[in-house]
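**Student:**
Numbering (this note's numbering), first residue to last: 25 to 90.
#1: Could you round the C-beta distance between residue 64 and residue 57 to whole angstroms and report it? I think they count as a contact, below 8 Å.
#2: In the structure shown, what three-state DSSP assignment does residue 43 receive?
#3: Taking residue 90 as part of the beta strand (DSSP E), name the residues at either end of that continuous run.
#4: Distance, Cα to Cα, residue 60 vs residue 67?
#5: What are the start and end residues of the alpha helix (DSSP H) that includes residue 73?
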């Protein structure tokens, strides 16, 4: 896809998910930017919060909030 570096960066970020290839990543990116910007904002906020506050318990390896 001939697009801006920011779009390409977002597409590549989606590709890190299991089972998401280049076409699916492109579709998700375009959907969030064209039709569901509010969903994109919520996704970004939820992911940031989870990355900051969720970790693995050292003894049982289950996900827990820190």
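Glycine included, each C-beta is placed from N, C-alpha and C at the ideal position.
**Tutor:** This is what the structure gives:
#1: 7 Å
#2: coil
#3: Unbroken run through residue 90: none, as it is neither H nor E.
#4: 11 Å
#5: 61-77
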